[in-house]
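There are 2 protein chains.
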Amino acid sequence: MPRAGLNPAAVVDAALRVVDAGGPEALTLAAVAGECGVATPSLYKHVAGLPELRALLAVRIIDEFTAEATAAILGRSGDAALEALAFAYRDYVTRRPHRYAFMPQRIDPDPGVTAAADRFLAVVFAVFKGYDLTDDQVVHATRVLRAALHGFAVLRTGFQMGQDVDVTYRVLVETLKAIRGAAGSAS
Amino acid sequence: MPRAGLNPAAVVDAALRVVDAGGPEALTLAAVAGECGVATPSLYKHVAGLPELRALLAVRIIDEFTAEATAAILGRSGDAALEALAFAYRDYVTRRPHRYAFMPQRIDPDPGVTAAADRFLAVVFAVFKGYDLTDDQVVHATRVLRAALHGFAVLRTGFQMGQDVDVTYRVLVETLKAIRGAAGSAS
DNA sequence: CCGGCTAGGCTAACCGCGTTAGCTTTGGGG
DNA sequence: CCCCAAAGCTAACGCGGTTAGCCTAGCCGG
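Next comes the structure, spelled out in structure tokens:
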């Protein structure tokens, strides 16, 4: 029987296809192996197990997202950067709803994931460079921004009632422009 | 052998203990059965399976949370109500970190969970009764508030760097007071 | 007080998933 | 050309959810 010619990157590619098609729940070694056209245990020749595959996938996704976010805020500052990041965020989540579930939410034991998360964080951080805030204030502002954008991303599909979610997002973004003032006064 | 005297409520009680002790990941029929002092399949005499147990647990937790949130905003309105809800939210998450994971994030197929989620939503909704907003605007404001509070709750434990998370939360709450104006202008 | 019925417990067994062990074979490099 | 490491495979285990089917505790009517 011919070799499948796999490698870690190809396994992650297959995992991405599985996740895109079936959501985060569908990410199973059996499914990925099927997608690769290989028996399940064969995957262990390329990744150490499900946790490592998840970590590799997370790095891939975080970096993809970071690249888009970076492109969005390049050349902008202040409220314009904040808006650009917010819309890039929403766009990614809309375009890749299942992938977003792998964005880091708590501290990850995997150092690769932590590093990728830090790279992403630097982008959010950059938004507040244009404002006149102390270092501490920038940290708080970054956390608030992340929390709001993430919360919206998570709940987005769960909003009942007919009102336009795009309008809600605009309200959110407008609200967030108050971060600058709030960070200044609350610390 | 003597009967264990179980019933659905007692099973949910055991499930709560399991979740409190080991986190949402630990919620397994085997663990709950162990906590009940019973063999795993015996649970099926009281709950239909893991999904139903999860749903029952979610209802229990959402209602517990709703009760606390309701108590917090009773007798307050406007910014005071918003603050009270925000702090009740944060307090619950801090006190019951594992339980919070069962709060509804997307539409749940279980009608009981949906009903409980609606009861909770009504509380958040009530915060904006005191503001001068149209019905549509209240819906958007409610969504924004939920998104921000939820996002913070989720990311709370993941914040790196030493800065005080309580200060961050104060910045968040201050920022959210701008919802009124944003909802008014953006729609 | 007794017989029986039901509800609530049990064991056995199946399936799917992750994982490990150990065998086989491919195919590139000395 | 041969060899051997890498990359595939099958077999087997453990664990979790779930189903089937048995057995008995304990209430209820006679």
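Line by line, the protein sequences are chains A and B.
Numbering-wise (the working numbering), the first sequence opens with residue 377 and increments by one.
Numbering-wise (the working numbering), the second sequence opens with residue 377 and increments by one.
We put the CB at the ideal spot given by N, CA and C, even for glycine.
- Assigned with DSSP and collapsed to three states, A/K553 falls in coil, not helix or strand.
- Distances from the CA of B/R430 to each of B/S418, B/Y465, B/D389, B/L461 were compared; the closest alpha carbon is that of B/D389.
- By the Cβ rule, the stretch 405 to 417 of chain A does not count as touching the stretch 461 to 476 of chain A, because fewer than three pairs are nearer than 8 Å.
- Apart from sequence neighbours up to five positions away, the residues of its chain that approach B/G454 with a beta-carbon distance below 8 Å are G506, Y507, ordered along the chain.
- Apart from the 5 residues on each side of it in sequence, B/I437 sits with its Cβ closer than 6 Å to the Cβ of R475, F478 in its chain, given in chain order.
- For the set A/L521, A/F504, A/R522, A/A523, the Cα lying nearest the Cα of A/V514 is the one of A/F504.
- Shown here, B/A390 sits in a helix according to DSSP, grouped into three states.
- One alpha carbon belongs to B/G527, the other to A/F501, and they sit about 17 Å apart.
- Using a Cβ-Cβ cut-off of 8 Å, B/P485 is close to nothing in chain A; its nearest Cβ partner there is about 12 Å away.
- In the DSSP assignment, A/D467 falls within the unbroken alpha helix (DSSP H) covering 454 to 471.
- Within the stretch 472 to 535 of chain B, the runs of alpha helix (DSSP H) that reach at least 4 residues and sit entirely inside it are, in chain order, 473 to 476, 487 to 503, 511 to 531.
- Contact annotation for B/G534 against chain A: P480, Q481, R482, I483 [CB-CB distance below 8 Å, chain order].
- Per DSSP, the unbroken alpha helix (DSSP H) holding A/D439 starts and ends at 426 to 449.
- Within 8 Å of the CB of B/G399, no CB atom of chain A is found; the nearest one sits about 11 Å away.
- Counting along the chain, no alpha helix (DSSP H) covers B/L382, and no H or E run does either.
- Interface with chain B (8 Å Cβ-Cβ cutoff): A/V500 is excluded.
- In the DSSP assignment, B/V408 falls within the alpha helix (DSSP H) that extends over 405 to 412.
- If you draw a straight line from the Cα of A/G557 to the Cα of B/T551, it is about 8 Å long.
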